[in-house]
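Peer 1: Sequence lines, in order, name chains A and B. Take any residue in the first sequence, count from 1 to its spot, add 2: that is its number in our numbering. Take any residue in the second sequence, count from 1 to its spot, add 2: that is its number in our numbering. My structure is below; once you've seen it, I'll send some questions.
There are 2 protein chains.
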Amino acid sequence: MREVYVLGVGMIKFGRYPDKDVPQLGADAAVLALKDAGMSIKDVEMFVCGNLFQANAMNAQRILQQIGQTGIPALNVANACATGSTAFREAYIGVASGMYDVTLAVGVEQMGKMGLLGGGARSGGESVEGVLGSGLMPAIFGQAGVEHMRKYGTTAEQFAKVAVKNHKHSVHNPLSQYRVEVDLNAVVKGRMVAYPNTLYMCCPTGDGAAAAILVSAEKAKQFTTKPIKVACSILTSDPYTERDLTMPDVNTLTKNAAKQAYEKAGLGPKDLDLVELHDCFATAELLHYENLGLCGEGEAGRMIDEGRTTIGGDIPVNASGGLLSKGHPLGATGVANIYEVVTHLRGQAGGRQVEGAKAGMAHVIGLGSACTIHILTA
Amino acid sequence: MREVYVLGVGMIKFGRYPDKDVPQLGADAAVLALKDAGMSIKDVEMFVCGNLFQANAMNAQRILQQIGQTGIPALNVANACATGSTAFREAYIGVASGMYDVTLAVGVEQMGKMGLLGGGARSGGESVEGVLGSGLMPAIFGQAGVEHMRKYGTTAEQFAKVAVKNHKHSVHNPLSQYRVEVDLNAVVKGRMVAYPNTLYMCCPTGDGAAAAILVSAEKAKQFTTKPIKVACSILTSDPYTERDLTMPDVNTLTKNAAKQAYEKAGLGPKDLDLVELHDCFATAELLHYENLGLCGEGEAGRMIDEGRTTIGGDIPVNASGGLLSKGHPLGATGVANIYEVVTHLRGQAGGRQVEGAKAGMAHVIGLGSACTIHILTA
Chain A
3 MREVYVLGVG
13 MIKFGRYPDK
23 DVPQLGADAA
33 VLALKDAGMS
43 IKDVEMFVCG
53 NLFQANAMNA
63 QRILQQIGQT
73 GIPALNVANA
83 CATGSTAFRE
93 AYIGVASGMY
103 DVTLAVGVEQ
113 MGKMGLLGGG
123 ARSGGESVEG
133 VLGSGLMPAI
143 FGQAGVEHMR
153 KYGTTAEQFA
163 KVAVKNHKHS
173 VHNPLSQYRV
183 EVDLNAVVKG
193 RMVAYPNTLY
203 MCCPTGDGAA
213 AAILVSAEKA
223 KQFTTKPIKV
233 ACSILTSDPY
243 TERDLTMPDV
253 NTLTKNAAKQ
263 AYEKAGLGPK
273 DLDLVELHDC
283 FATAELLHYE
293 NLGLCGEGEA
303 GRMIDEGRTT
313 IGGDIPVNAS
323 GGLLSKGHPL
333 GATGVANIYE
343 VVTHLRGQAG
353 GRQVEGAKAG
363 MAHVIGLGSA
373 CTIHILTA
Chain B
3 MREVYVLGVG
13 MIKFGRYPDK
23 DVPQLGADAA
33 VLALKDAGMS
43 IKDVEMFVCG
53 NLFQANAMNA
63 QRILQQIGQT
73 GIPALNVANA
83 CATGSTAFRE
93 AYIGVASGMY
103 DVTLAVGVEQ
113 MGKMGLLGGG
123 ARSGGESVEG
133 VLGSGLMPAI
143 FGQAGVEHMR
153 KYGTTAEQFA
163 KVAVKNHKHS
173 VHNPLSQYRV
183 EVDLNAVVKG
193 RMVAYPNTLY
203 MCCPTGDGAA
213 AAILVSAEKA
223 KQFTTKPIKV
233 ACSILTSDPY
243 TERDLTMPDV
253 NTLTKNAAKQ
263 AYEKAGLGPK
273 DLDLVELHDC
283 FATAELLHYE
293 NLGLCGEGEA
303 GRMIDEGRTT
313 IGGDIPVNAS
323 GGLLSKGHPL
333 GATGVANIYE
343 VVTHLRGQAG
353 GRQVEGAKAG
363 MAHVIGLGSA
373 CTIHILTA
């Protein structure tokens, strides 16, 4: 296995693009990543596209039709919300294997006018909601929050503080779908979606794309003096567990992945300077503090109270604004949070910069099930 | 890059399974491959599922729910008709990289009551036909045949002989969807679909699944004395060419892939003992004789006349019955033709055995575009 580096990243502002299609959005992000890497499409030797709703529509090849048809291996992957990060991982393995020196990963999604929370999804594809049951996502993450309240005395206000923090972070991210601060009162009194998550505590739907160029050590040296290393690339699926409805696989899935990630990277939670984690709902963020080992079991509520995960705290979480503000175009998210970590490790995150960041984690879960964790180091 | 071996293969009879779903069909094939390898799901370290129409439905994970949830990395890939072989290739890279010693690839499709040739496809997913235009496939391959007739004097009868040969082969394949001999007269006088391809010269639709277990050299030695080596695993996309409608990318795509395959494997067409190629239409088979270098440009008509590609000839093509008889459940095909080559290299192909086969090729094209070529050796 060879070492793999991220040489370039690109991302379009998440939001609504009714006049574009999936290949166009993906091409926009790919071109930004190529430009960032200082490369041409002719340098790319393999391309993996992650798109969920139109996973069978040959979007990898349709993106190449726009950015350059060089005849390279191109494939399309899907893995629920972990679609983009799974594409990134296959591109990573392509370089790690020694087969390629330069690979491209794109994550892209167009959710269009799909209702908030995926309700009434009509994507032209069989939807994840269709498979899992409409409205199941808010219910799962609501119940997981309630269970945490029951076990550890966590309060609805503590969960609400996640939304306050992430919306506050988003103001400094020009690529975030929403960039509006909200105060605790507004979050708590917002329309209830699935207790304890109110409207501001649920990620919006939208369109978006992000891309990354992965390279070998030798190639990285030719193009930059500050390569970002992929210290680990982990993908897990649901292990067999005796589940009950109130505690779905989100916890075990992430715990297993985190254990593997720290082991592989040779780093622990204390070595991380920032974490981009899968806050599809505010409740999920607190659960993942514990699942990722950022704090002990039952301590997540206190962690948010103490501001430790706000920018300026000891381990900023979702400096980008998180899925709650930045948006969650499903297939794009996995690459977008790698984009965010890379941007901080380079010191290019502007007003939201986590100062002196040397190591960061990008975490995604897809129910159904898939969990990816990438740890990146400067 | 490490050497990679196929330790186990499994395939269900292609046909109609209205009472099963995609995960069940995939699980059936996976269990057969595990049994063939002498392994348990606990031995598998990574799993790639190829399914086209429900590419976003988390079928990899749903198959694991049936055969064993061990928490391994699982992902879903799609690449038009090359979906299954692309899944096989990602599983191959997983082992070649040194990351895993044992990986599983499944190709599976349920086309159900979709009309012949994909017309009126209603899969619950955005269909390839939907993307490419309904009825385009027969037109493309019909026109490509007509162009060959114009350039080289190939006759409609010569194309028809492909159907006669493949249907003849299929009689000896218990897993083939159709196992009926047809004579030249019946083929030529069959209902015209898109000149020169009549009904018998077009592959049927159906349901099916195939699976393969890929392993490292060390692991292969532990389990078998007769490992089958993957001598090359090639994937190409459409290079930019000045196309006209009569000569679509099928030719260039395959020619590029073949050039890379022979180079990588260190073998030439004359070293092959059998070829399973993508005869979605009879015209395609003759074109691919030339694209794969089995004969010179314009010589394919004579090649079929001389019976060189019939079992017993110097380079049997589609001993399985080919897509024309065996069926073409899109996502399954790529793994199914690897199954066929492996079966011959092991000397286990019964009545259709290509005697003494030491090297074989599995070729698939997906319009849209993707071409895979795997050369396997005993």
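The C-beta atom is built at its ideal place from N, Cα and C for all residues, glycine as well.
1) Could you list which residues in chain B have their beta carbon closer than 7 Å to that of residue 55 of chain A, in chain order?
2) Please determine, among A:294, A:108, A:200 and A:296, the residue with the shortest C-alpha to C-alpha distance to residue 31 of chain A.
3) By how many angstroms is the C-alpha of residue 373 of chain B removed from the C-alpha of residue 144 of chain B?
4) Check each candidate in B:349, B:57, B:66 and B:89 and name the one with the smallest Cα separation from residue 81 of chain A.
5) How about residue 88 of chain A: is its C-beta nearer than 8 Å to some C-beta of chain B?
6) From this set, B:63, B:358, B:371 and B:376, which residue's C-alpha is nearest residue 365 of chain B's C-alpha?
7) Please determine, among A:195, A:196 and A:169, the residue with the shortest C-alpha to C-alpha distance to residue 183 of chain A.
8) Interface residues of chain A around residue 336 of chain B at Cβ under 9 Å?
9) Looking only at C-alpha atoms, which of A:282, A:292, A:96 and A:79 sits nearest to residue 55 of chain A?
10) Please report the straight-line C-alpha distance between residue 28 of chain B and residue 223 of chain B, rounded to a whole angstrom.
11) Counting only Cβ pairs nearer than 8 Å, list the residues of chain A close to residue 371 of chain B.
12) Tell me, please, whether the CB atom of residue 375 of chain B is closer than 8 Å to any CB atom in chain A?
13) Contact between the segment 196 to 205 of chain A and the segment 10 to 27 of chain A: three or more CB pairs below 8 Å?
14) Can you give me the C-alpha to C-alpha distance between residue 343 of chain A and residue 181 of chain A, rounded to a whole angstrom?
15) Is the segment 155 to 170 of chain B close to the segment 305 to 321 of chain B, with three or more CB pairs under 8 Å?
16) Below 8 Å on C-beta distance, what does residue 96 of chain B contact in chain A?
17) Where do the ends of the beta strand (DSSP E) carrying residue 7 of chain A lie?
18) Step through the CB atoms of chain A and report whether any lies within less than 8 Å of the CB of residue 21 of chain B.
19) Run through DSSP, which three-state label would residue 355 of chain A get?
20) Judging by CA-CA distance, which residue of B:380, B:19 and B:16 is the nearest neighbour of residue 233 of chain B?
21) Rounded to whole angstroms, what is the Cα-Cα separation between residue 3 of chain B and residue 45 of chain A?
22) Which residue wins for smallest C-alpha separation from residue 318 of chain B, given the options B:326, B:306 and B:98?
23) Quick check on the burial criterion: 16 or more other C-beta atoms within 10 angstroms. Buried or exposed for residue 258 of chain B?
24) Could you give the first and the last residue of the continuous alpha helix (DSSP H) run that contains residue 77 of chain A?
25) Looking at the structure shown, is residue 59 of chain A part of a helix, part of a strand, or coil, going by DSSP?
26) Going by C-alpha to C-alpha distance, which of B:216, B:208, B:12 and B:34 sits closest to residue 99 of chain B?
27) Thinking C-beta only, is residue 34 of chain B closer than 8 Å to residue 12 of chain B?
28) Quick one: list the residues of chain B neighbouring residue 74 of chain A, beta-carbon separation under 7 Å, in chain order.
29) Can you tell me the Cβ-Cβ gap for residue 87 of chain B and residue 336 of chain B, rounded? I've got them flagged as a contact below 8 Å.
30) How is the beta strand (DSSP E) around residue 350 of chain B delimited, first residue to last?
31) What three-state label does DSSP hand residue 308 of chain B in the structure shown?
32) If you reduce the DSSP assignment to three classes, tell me which class residue 317 of chain B lands in.
33) Between the C-alpha atoms of residue 218 of chain B and residue 229 of chain B, what's the straight-line distance to the nearest angstrom?
34) Beta-carbon within less than 6 Å of residue 177 of chain B's beta-carbon, same chain only, minus the 5 sequence neighbours each way: which residues are those?
35) Give me the Cα-Cα distance between residue 334 of chain B and residue 296 of chain A, rounded to the nearest whole angstrom.
36) Take every Cβ of the segment 152 to 159 of chain A, pair it with every Cβ of the segment 297 to 304 of chain A, and state whether three or more of those distances are shorter than 8 Å.
Peer 2: By the coordinates alone:
1) What you label residue 55 of chain A is simply residue 53 of the first sequence in a count that begins at 1. Identification of chain B residues near residue 55 of chain A by a Cβ-Cβ cut-off of 7 Å yields 58, ordered along the chain.
2) For this step, residue 31 of chain A is matched to residue 29 along the first sequence. For residue 31 of chain A, the nearest C-alpha among the options comes from A:108.
3) Within the second sequence, the letter at position 142 stands for residue 144 of chain B. Within the second sequence, the letter at position 371 stands for residue 373 of chain B. Spanning the two alpha carbons is a distance of roughly 19 Å.
4) One-based indexing of the first sequence puts residue 81 of chain A at position 79. Checked all of B:349, B:57, B:66 and B:89; the closest Cα to residue 81 of chain A is B:57.
5) Translated into positions along the first sequence, residue 88 of chain A becomes position 86. The beta carbon of residue 88 of chain A sits closer than 8 Å to some beta carbon of chain B.
6) Residue mapping note: residue 365 of chain B aligns to position 363 of the second sequence, counting from 1. Checked all of B:63, B:358, B:371 and B:376; the closest Cα to residue 365 of chain B is B:376.
7) Along the first sequence, read from residue 1 onward, the residue named residue 183 of chain A stands at position 181. For residue 183 of chain A, the nearest C-alpha among the options comes from A:169.
8) Position 334 of the second sequence holds residue 336 of chain B. Those within 9 Å of residue 336 of chain B in chain A number zero; the least Cβ separation is about 12 Å.
9) Working through the first sequence from its first residue, we reach residue 55 of chain A at position 53. The residue among A:282, A:292, A:96 and A:79 with its C-alpha nearest the C-alpha of residue 55 of chain A is A:79.
10) Walking along the second sequence from the start, residue 28 of chain B turns up at place 26. Walking along the second sequence from the start, residue 223 of chain B turns up at place 221. Approximately 27 Å, taken between the alpha carbons.
11) For the purposes of this step, residue 371 of chain B is taken as residue 369 along the second sequence, with counting starting at 1. In chain order: 60 and 63.
12) Counted from its first residue, the second sequence places residue 375 of chain B at position 373. No - not a single Cβ of chain A is within 8 Å of the one on residue 375 of chain B.
13) Counting C-beta pairs with one atom in each stretch, the segment 196 to 205 of chain A and the segment 10 to 27 of chain A have fewer than three that are closer than 8 Å, which means they do not touch.
14) Numbered from 1 along the first sequence, position 341 holds the residue referred to as residue 343 of chain A. Numbered from 1 along the first sequence, position 179 holds the residue referred to as residue 181 of chain A. Residue 343 of chain A and residue 181 of chain A have their C-alpha atoms roughly 19 Å apart.
15) Because the criterion of three Cβ pairs below 8 Å is met, the segment 155 to 170 of chain B and the segment 305 to 321 of chain B touch.
16) If you number the second sequence from 1, residue 96 of chain B lands on position 94. Within chain A, the residues near residue 96 of chain B are 95.
17) Walking along the first sequence from the start, residue 7 of chain A turns up at place 5. 6 to 13 is the span of the beta strand (DSSP E), which, as asked, contains residue 7 of chain A.
18) For the purposes of this step, residue 21 of chain B is taken as the residue at position 19 of the second sequence. Against chain A, the CB of residue 21 of chain B has no partner CB under 8 Å away; the residue lies outside that interface.
19) Against the first sequence, residue 355 of chain A aligns to sequence position 353. In the structure shown, residue 355 of chain A adopts coil according to DSSP, grouped into three states.
20) Stepping through the second sequence from its first residue, residue 233 of chain B is reached at position 231. Relative to residue 233 of chain B, the option among B:380, B:19 and B:16 whose CA is nearest is B:380.
21) Here residue 3 of chain B refers to the residue found at position 1 of the second sequence. Here residue 45 of chain A refers to the residue found at position 43 of the first sequence. The alpha-carbon atoms of residue 3 of chain B and residue 45 of chain A are separated by roughly 21 Å.
22) Counted from its first residue, the second sequence places residue 318 of chain B at position 316. Residue B:306 is the option with its Cα nearest to residue 318 of chain B.
23) On the second sequence, position 256 is the one that residue 258 of chain B refers to. It is buried - the Cβ of residue 258 of chain B has at least 16 other Cβ atoms within 10 Å.
24) On the first sequence, position 75 is the one that residue 77 of chain A refers to. If you look at residue 77 of chain A, you'll find it isn't in any alpha helix (DSSP H); it sits in the beta strand (DSSP E) that goes 76 to 80.
25) Within the first sequence, numbered from 1, the residue matching residue 59 of chain A stands at position 57. Reduced to three states, the DSSP call for residue 59 of chain A is coil.
26) Position 97 of the second sequence, counting from 1, holds the residue named residue 99 of chain B. Each of B:216, B:208, B:12 and B:34 was checked against the Cα of residue 99 of chain B, and the nearest Cα belongs to B:216.
27) Along the second sequence, one-based indexing puts residue 12 of chain B at 10. Along the second sequence, one-based indexing puts residue 34 of chain B at 32. For residue 12 of chain B and residue 34 of chain B, yes; Cβs fall inside 8 Å.
28) Locating residue 74 of chain A in the first sequence gives position 72, counting from the first residue. The contact set of residue 74 of chain A on chain B, defined by CB atoms closer than 7 Å, consists of 239 in chain order.
29) Along the second sequence, read from residue 1 onward, the residue named residue 87 of chain B stands at position 85. Along the second sequence, read from residue 1 onward, the residue named residue 336 of chain B stands at position 334. At roughly 3 Å, the Cβ-Cβ gap stays under 8 Å, so residue 87 of chain B and residue 336 of chain B are in contact.
30) On the second sequence, position 348 is the one that residue 350 of chain B refers to. It is not in any beta strand (DSSP E) - residue 350 of chain B carries neither H nor E in the DSSP assignment.
31) The residue you call residue 308 of chain B lines up with position 306 of the second sequence. Residue 308 of chain B carries a coil assignment under DSSP once its states are collapsed to helix, strand and coil.
32) Taking the first residue of the second sequence as position 1, residue 317 of chain B is located at position 315. Of the three classes helix, strand and coil, the one that applies to residue 317 of chain B here is coil, per DSSP.
33) The residue you call residue 218 of chain B lines up with position 216 of the second sequence. The residue you call residue 229 of chain B lines up with position 227 of the second sequence. Residue 229 of chain B has its alpha-carbon roughly 10 Å from the corresponding atom of residue 218 of chain B.
34) The sequence position of residue 177 of chain B within the second sequence is 175, counting from 1. Answer for residue 177 of chain B: 13 and 15, listed in chain order.
35) Within the second sequence, numbered from 1, the residue matching residue 334 of chain B stands at position 332. Within the first sequence, numbered from 1, the residue matching residue 296 of chain A stands at position 294. Within the model, the alpha-carbon separation for residue 334 of chain B versus residue 296 of chain A is close to 43 Å.
36) Yes, they touch.
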